[in-house]
Each structure stands twice: as C-alpha cells, then as structure tokens.
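Novice: First the structure, then my questions, so here it is.
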Amino acid sequence: MTKKIDLSEPLLIKRYASRRLYNTETSDYVTLEDIAGFIRQGREVKIVDLKSGDDLTRQYLLQIVAEHESRGESVLPISVLTDLVRSYTTQAQSVVPDFLAASFEMLKKGQSKMLDNMAVINPMASMPGFDAMRAQQEAFFKAMTGGMGGWKDPDDAEGEDTQAAEAPAPEEELDAIKRQLAELQTKLSKM
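Below is the structure:
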C-alpha cells in the first residue's frame with residue numbers, strides 16, 4: 013500500500029547531523045535545488061533538525077535565495093538588500109516583516125488583476141498553453157509570498173461580473189502598481 017500524501021500539509025524535510033536533508037515523504041535525500049523546486053511547484057516545506065527539533069526553514073530558504081542571487085538570478089535590487097541589512101540594526105526591524113508581506117501581497121494582487129484583464133482583452137488567452145503559463149505564475153507568486161492568502165483577490169470572487177465592467181485599463185493598473193511600489197520603496201528607505 014502506498015503512502016497517501018497530504019498536499020495541504022508542509023513537506024517535512026529533516027536535517028541529519030551530517031547536514032544531509034531527508035524528504036520524509038519519498039524517503040530519500042534532497043538538495044537545496046530540490047527544495048526550491050518543491051516550492052516553485054506550490055508546495056510548502058518545513059525543515060527541522062532531526063536531533064534538536066529546531067525549525068530551520070527560514071535559514072534554508074534564505075540560503076536558497078542567496079544562491080540564486082549569487083548566480084546572477086537577481087530578483088532583489090541592491091537598494092532593497094541594503095535596506096534589509098539596515099533594518100536589522102534599527103527600530104525598523106519590527107515594521108519591516110509586515111511591510112514586506114504587504115508589499116508582496118499588493119504585487120500578487122496587481123499581477124492577478126493584470127492577468128485577469130489580459131485574459132479578457134488578449135487573444136493569446138485562448139491559445140493552447142496559456143492556462144499552463146498562468147498556473148506557473150500562480151505557483152511562482154505563491155512561492156514568492158510564502159503562500160500568504162490565495163491567488164485570487166477574495167473581494168473579486170464574489171462580484172466578479174459587476175466589477176469587470178468597472179475595472180480600469182491594464183495600463184492604468186500597471187501605472188498605479190508602479191506608483192505604489194515607488195512609494196513603498198521611498199518609505200522603506202526613510203526607515
């Protein structure tokens with residue numbers, strides 16, 4: 013009988029004393045790149061030290077980000093990284109996590125609305141493979157935001173038909189998102 017995998021539960025990875033990482037679902041060893049792949053596929057992970065039981069997830073996720081950044085796969089601008097380092101030594105330390113979470117949520121919602129509008133006005137939306145591309149983007153944003161909230165804006169789910177007629181043009185939304193991000197960066201740099 014095969015073990016049933018519950019995808020709603022985080023994938024438990026155990027770190028042995030040898031620093032090897034063990035996937036408890038598949039009973040095999042995994043690398044950081046394997047873990048990054050699980051996350052890109054939309055799976056939550058939890059990494060714990062086998063001996064002490066300490067949660068090491070944050071440490072390993074930061075290591076994955078650092079490795080991608082060092083390979084030239086830059087997502088975070090130098091100014092943001094600099095501000096993050098500063099936040100560890102200032103009063104902003106308590107505000108930064110909430111600020112970053114809100115920023116990613118705003119980015120995710122803006123991307124979702126832009127994709128929804130693109131599907132309405134873009135003939136590519138009916139092309140084969142478009143849904144797969146959209147699913148990949150959903151997984152990406154879920155991974156980038158740590159699974160916060162859903163892909164869809166909950167307010168949009170109820171009255172989608174009435175709101176669709178009132179939705180601003182994609183260019184206006186993109187400009188608004190750019191303005192909001194610029195304002196958030198300015199606020200962060202002042203902290």
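Just so we're on the same page, the working numbering is the position in the sequence shown counted from 1, plus 12.
Don't be surprised by glycine CBs; every beta carbon is placed ideally from N, CA and C.
1. Can you tell me whether DSSP reads Tyr-34 as helix, strand or coil?
2. Tell me the rounded alpha-carbon separation between Gly-161 and Ala-194.
3. Rounded to a whole number of angstroms, what is the C-alpha to C-alpha distance between Leu-23 and Gln-197?
4. Would you identify the three-state DSSP class for Arg-27, choosing helix, strand or coil?
5. Which of the three DSSP states, helix, strand or coil, is assigned to Val-60?
6. Would you mind working out which of Ala-29, Phe-50, Ser-115 and Arg-31 sits nearest Thr-38, comparing C-alpha positions?
7. Just checking my contact of Tyr-100 with Leu-62 at CB under 8 Å: how many whole Å lie between their CB atoms?
8. Taking DSSP as the reference, what is the three-state secondary structure of Tyr-100?
9. For Tyr-41, list the residues DSSP reports as bridge partners.
10. Could you tell me the distance, in whole angstroms, from the CA atom of Asp-187 to the CA atom of Leu-119?
11. Does Ile-90 pass the burial test, meaning 16 or more other C-beta atoms within 10 Å, or should it be called exposed?
Specialist: Reading off the structure:
1. strand
2. In this predicted model, Gly-161 has a pLDDT of only 47, less than 50, meaning its place in the structure is not dependable; the value taken from the coordinates is given anyway. Approximately 23 Å, taken between the alpha carbons.
3. 34 Å
4. strand
5. strand
6. When each option's Cα is compared against that of Thr-38, the closest is Phe-50.
7. That pair is no contact at about 29 Å.
8. coil
9. Assignment of beta-bridge partners to Tyr-41 by DSSP yields Tyr-34.
10. 12 Å
11. exposed
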